[in-house]
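K.L.:
Here you go, one structure.
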Amino acid sequence: MKQYPRRLSLAKKEEAECLVKKMMDNGITEESSGPSVSPIVLVKKKNGLTRFSVDYRKLKEITIKDRYLLPQIGETLDAFNGSQWSWTLDLKSGFWQVEI
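FYI, in the numbering used here the residues of the sequence shown are 3 to 102.
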């Protein structure tokens, strides 16, 4: 599945390159030589910063969905009943936490 990139102004292209470099430096993304290519989308956030996103709609069309249900939150909480330890996990930019 290959999609062609969307046109970006020179300023947006430079901004995208800067964002990609930052993500690579932080280990969020890495170079790929795979056959799939999806276009990027740059969106200005309310605070003036730019959100880097990828349009994965075509990938989603061919993705095979899981055939099982996620556990109910109540069942999960019941499993922790009586536990001595508990923990929390705070993920920055949660949408980058799933490897594709």
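All residues carry an ideal CB built from backbone N, CA and C; glycine is no exception.
Where P41 and P73 are concerned, what is the direct C-alpha to C-alpha distance, given to the nearest angstrom?
P.N.:
Numbered from 1 along the sequence shown, position 39 holds the residue referred to as residue 41. Numbered from 1 along the sequence shown, position 71 holds the residue referred to as residue 73. Near 34 Å, if we compare the C-alpha coordinates of P73 and P41.
K.L.:
Output needed for G29: all residues of its chain with C-beta closer than 6 Å, excluding positions within five of it in sequence on either side, in chain order.
P.N.:
Translated into the one-based positions of the sequence shown, residue 29 becomes position 27. If we look at G29 and ignore the five residues flanking it on each side, it has no Cβ neighbours.
K.L.:
In terms of residue numbering, what span does the alpha helix (DSSP H) encompassing R59 cover?
P.N.:
Sequence index remark: in the sequence shown, residue 59 carries index 57 (1-based). That run of the alpha helix (DSSP H) goes 59-64.
K.L.:
On the three-pair Cβ rule with 8 Å, is the segment 16-23 touching the segment 63-78?
P.N.:
no
K.L.:
Name the two residues that bound the continuous alpha helix (DSSP H) containing L79.
P.N.:
As a working mapping, residue 79 is identified with position 77 in the sequence shown. Here the alpha helix (DSSP H) through L79 covers 75-81.
K.L.:
S55 bridges to which residues according to DSSP?
P.N.:
One-based indexing of the sequence shown puts residue 55 at position 53. According to DSSP, S55 bridges with V43.
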